[in-house]
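Here the sequence shown is numbered in the numbering used here, starting from 22 and rising by one per residue.
Glycine residues also receive a C-beta, built at the ideal position from the N, C-alpha and C atoms.
Fair warning: this is a prediction, and the values are worked out from it, not measured in the lab.
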Amino acid sequence: MTPVIQAKNTDRKKRNSQAIAFTIFKLMSYSVVAILFIILGFIVIRGIGVISWDFLTKAPEEGMTKGGIFPAIVGTLCLVAGSSIFSFPIGIMSGIYMNEYATESKVATFIRIMTNNLSGVPSVVFGLFGMALFVNTMKFGDSILAGSLTLGLLSLPLVIRTTEESLKAIDKSYREGSLALGATKLQTIQKVVLPMAFPNIITGLILSIGRVSGETAPILFTVAAYFLPKLPTSIFNQVMALPYHLYVISTSGTDIEASRGIAYGTALVLIVIVLLVNLLANGLRNYFSKKVKTN
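What follows is the structure, given as structure tokens:
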């Protein structure tokens, strides 16, 4: 076999291998999307018939077999907002510190190790910790404050790591140019680095909100009420929450079969809330991305 023919055969084998690999990757990607649509379709088909104005604006009635889920919607939004107020500033500032100030120090290395470990801790452990610290030791009781702080701790590692990785993606030349023009390190971070990294930071915030809004175990120990058909008036009140409400009416309600439709409707509402939050965050990310490009 001549060298030319051998080279052609080798090249053909490489192209065939590449085509097979790309086909496998494409099928796997399509499979993930198909599974997602199957799950969403299943919930939408079973839950859309329950959705009505009364379902969204009324409190549960008759042992949660009738009525709506408005208190649970409000409670979920309160917990998401409370955890975000706690985790976003601390997480973003921690990420800035580790990437901009303590780049290769032992402190930064220790924080990274602890952050990675926290990311792998089961959510039920956070719930037990939140009950021990915020509910019992700090005497907050079962309240929005205790639940928000617990969920904030749960989402904190994700916010920190995403912020740090977003800042790492900014080329050092921007920092050097800003410093060369006489700006301080703080001014460089505030005026140059953060605006460029902010669109990617928002991605981490989206993921943390998505995780917090669907967690059941942490709020089970710190804030969630089985049946509380009224709105909270203080951060020290208990609330109903969509994840826990869904769990209760699906597993231990007064009449599981009668509340089955409400369970699917609750799941659909929870998915829509997460979707709306993601769309809002994506809109903000696109806005800041365009703003960075124009500047």
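Close CB contacts of R306 within its chain, under the 6 Å cut and outside five residues either way in sequence, are with P220, I223 (chain order). Beta-bridge partners assigned by DSSP to V260: A245. For the 9 Å CB-CB criterion, I132 and I210 do not form a contact. Of the residues M159, T130, L170, the one whose Cα lies closest to the Cα of G148 is L170. Under the 8 Å Cβ criterion, the stretch 55 to 73 counts as touching the stretch 282 to 293, having at least three qualifying pairs.
When C-alpha distances from G103 are compared across L172, G225, L77, the shortest belongs to L172. Cβ contact annotation for F76 (same chain, cutoff 7 Å, sequence separation greater than five): G89, I90, G286, in chain order. Closest in C-alpha terms to P81, from the list G304, F309, V260, I294, comes V260. In this structure, the beta-carbon distance from G116 to S176 does not fall below 9 Å. In terms of Cβ geometry, E121 and K206 form a close pair [threshold 9 Å]. Under the three-state reduction of DSSP output, E121 falls in the helix class. Around the beta carbon of Y195, fewer than 16 other beta carbons lie within 10 angstroms, which makes this residue exposed.
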